[in-house]
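Okay, structure first, notes after.
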Amino acid sequence: MYFLMLVKEVVEICLKNIALNWLAWLVIVLLVVLSCLGLIGIYMATKNKKQKSVLVKIVEANNITDRHFLGYFSLFVLFAVTFDLSRLSMFVVFIIIQAMIGVVYIKNKLFFINPFLNILGFNFYKIIYTLDDGQKKNTHIFYRGAIELDREYLVKVKDENFSVLVPHK
């Protein structure tokens, strides 16, 4: 979302629809920083070597990416199309809405609602898996592509809210 808003602001400035003043610079810098922090966070969450890996066998997998994507997509449309961040009042509203969204998402553990991960090829699954001892567990997990049932995978556990599944060789 930040990247789309950044593109919108730069295009508006290039087309001279808005002036390149202190507020425009503040918006651009803020959006660049937030976009970079998001990219760094995703990279660290998916490439962290220190995270625990557990060998599991998937017995049931339901791709639930689409159940959450459209609700989040409406936020993209709201911000990318209707907000004029060259006005101080809209910038303040933008900050307040971002804070509210952040609090709600963190409080309700909605970390999986991330269209950027979907664009990168990750899907969000609700899975049931078995461990080596035969114990069955339920979880939500990110995986790039389609999960095959009755196949072994490694679950890279970042924390209780963010795990990535990778095929076991």
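The sequence shown begins at 79 in the numbering used here and counts up by one.
Backbone N, C-alpha and C fix where the C-beta goes; we use that ideal spot for every residue, glycine too.
The structure presented is a predicted model; accordingly, all values stated were derived computationally and were not measured.
Discussion item. Less than 8 Å between CB atoms is the rule here; does N192 satisfy it with respect to chain C?
Written reply: Here chain C cannot be found, since the structure has a single protein chain.
Item to complete: Output the residue ranges of the alpha helix (DSSP H) runs that lie fully inside the region 179-217 and measure 4 residues or longer, sorted by chain position.
Response: Counting only runs of 4+ residues, the alpha helix (DSSP H) found wholly inside the region 179-217 occupies 193-197, in chain order.
Discussion item. Could you tell me which whole beta strand (DSSP E) segments of length 3 or greater appear in the region 98-146?
Written reply: Runs found: 130-141.
Worksheet item: So, using beta-carbon positions, are E87 and L109 closer together than 8 Å?
Response: Along the sequence shown, one-based indexing puts residue 87 at 9. Along the sequence shown, one-based indexing puts residue 109 at 31. Closer than 8 Å, so yes.
Discussion item. Less than 8 Å between the C-beta atoms of F200 and F220, yes or no?
Written reply: Locating residue 200 in the sequence shown gives position 122, where the first residue counts as 1. Locating residue 220 in the sequence shown gives position 142, where the first residue counts as 1. Yes, the Cβ-Cβ distance between F200 and F220 is below 8 Å.
Discussion item. Going by beta-carbon coordinates alone, are I205 and A139 separated by less than 8 Å?
Written reply: As a first step, residue 205 must be located in the sequence shown, where it is residue number 127. As a first step, residue 139 must be located in the sequence shown, where it is residue number 61. Contact: yes.
Worksheet entry | Rounded straight-line distance, which links the Cα of R145 to that of Q213 | Position 135 of the sequence shown, counted from the first residue, corresponds to residue 213. Position 67 of the sequence shown, counted from the first residue, corresponds to residue 145. The C-alpha of R145 is placed about 28 Å away from the C-alpha of Q213.
Discussion item. If distances are taken between C-alpha atoms only, which option among V132, K215, I142, L101 comes closest to A251?
Written reply: Absent from the model: residue 251. The displayed extent of the chain is 79 to 247, so no value can be given.
Item to complete: Determine, using beta carbons only, whether L133 and D210 come nearer to each other than 8 Å.
Response: Here residue 133 corresponds to residue number 55 of the sequence shown, with the count starting at 1. Here residue 210 corresponds to residue number 132 of the sequence shown, with the count starting at 1. Contact: yes.
Worksheet item: Of the choices A177, P245, I173, whose alpha-carbon is the least far from that of E226?
Response: Along the sequence shown, read from residue 1 onward, the residue named residue 226 stands at position 148. Distance check between E226 and each of A177, P245, I173 places P245 closest, using alpha-carbon atoms only.
Discussion item. Is it buried or exposed, V182, if we count other Cβ atoms within 10 angstroms and call 16 or more buried?
Written reply: Numbered from its first residue, the sequence shown carries residue 182 at position 104. That one is exposed.
Worksheet item: Along the chain, where does the alpha helix (DSSP H) that runs through I91 open and close?
Response: Taking the sequence shown and counting its residues from 1, the one referred to as residue 91 is at position 13. Judged by DSSP secondary structure, I91 falls within the alpha helix (DSSP H) whose first and last residues are 80-92.
Worksheet item: Is M122 buried or exposed, if buried means 16 or more other CB atoms sit within 10 Å of its CB?
Response: As a first step, residue 122 is located in the sequence shown; it is residue number 44 there, counting from the start. Residue environment: M122 is assigned as exposed (fewer than 16 neighbouring CB atoms within 10 Å of its CB, all protein chains considered).
Discussion item. Here's the rule: buried if 16 or more other CB atoms are within 10 angstroms of the residue's CB, otherwise exposed. What is K130?
Written reply: Translated into the one-based positions of the sequence shown, residue 130 becomes position 52. By the C-beta density criterion, K130 is exposed, having fewer than 16 other C-beta atoms within 10 angstroms.
Fill in: V233 classed as buried or exposed, judged by whether at least 16 other C-beta atoms fall within 10 angstroms
As a first step, residue 233 must be located in the sequence shown, where it is residue number 155. It is buried - the Cβ of V233 has at least 16 other Cβ atoms within 10 Å.
Worksheet item: What is the C-beta distance between Y207 and V137, in whole angstroms, given that I count them as a contact (C-beta under 8 Å)?
Response: Numbered from 1 along the sequence shown, position 129 holds the residue referred to as residue 207. Numbered from 1 along the sequence shown, position 59 holds the residue referred to as residue 137. Between V137 and Y207 the Cβ distance is about 6 Å, and since that is below 8 Å, they are a contact.
Worksheet item: Looking only at C-alpha atoms, which of S113, L166, K215, Y80 sits nearest to A97?
Response: Along the sequence shown, one-based indexing puts residue 97 at 19. It is L166.
Discussion item. Quick check on the burial criterion: 16 or more other C-beta atoms within 10 angstroms. Buried or exposed for M83?
Written reply: Position 5 of the sequence shown, counting from 1, holds the residue named residue 83. By the 10 Å Cβ count, M83 comes out buried.
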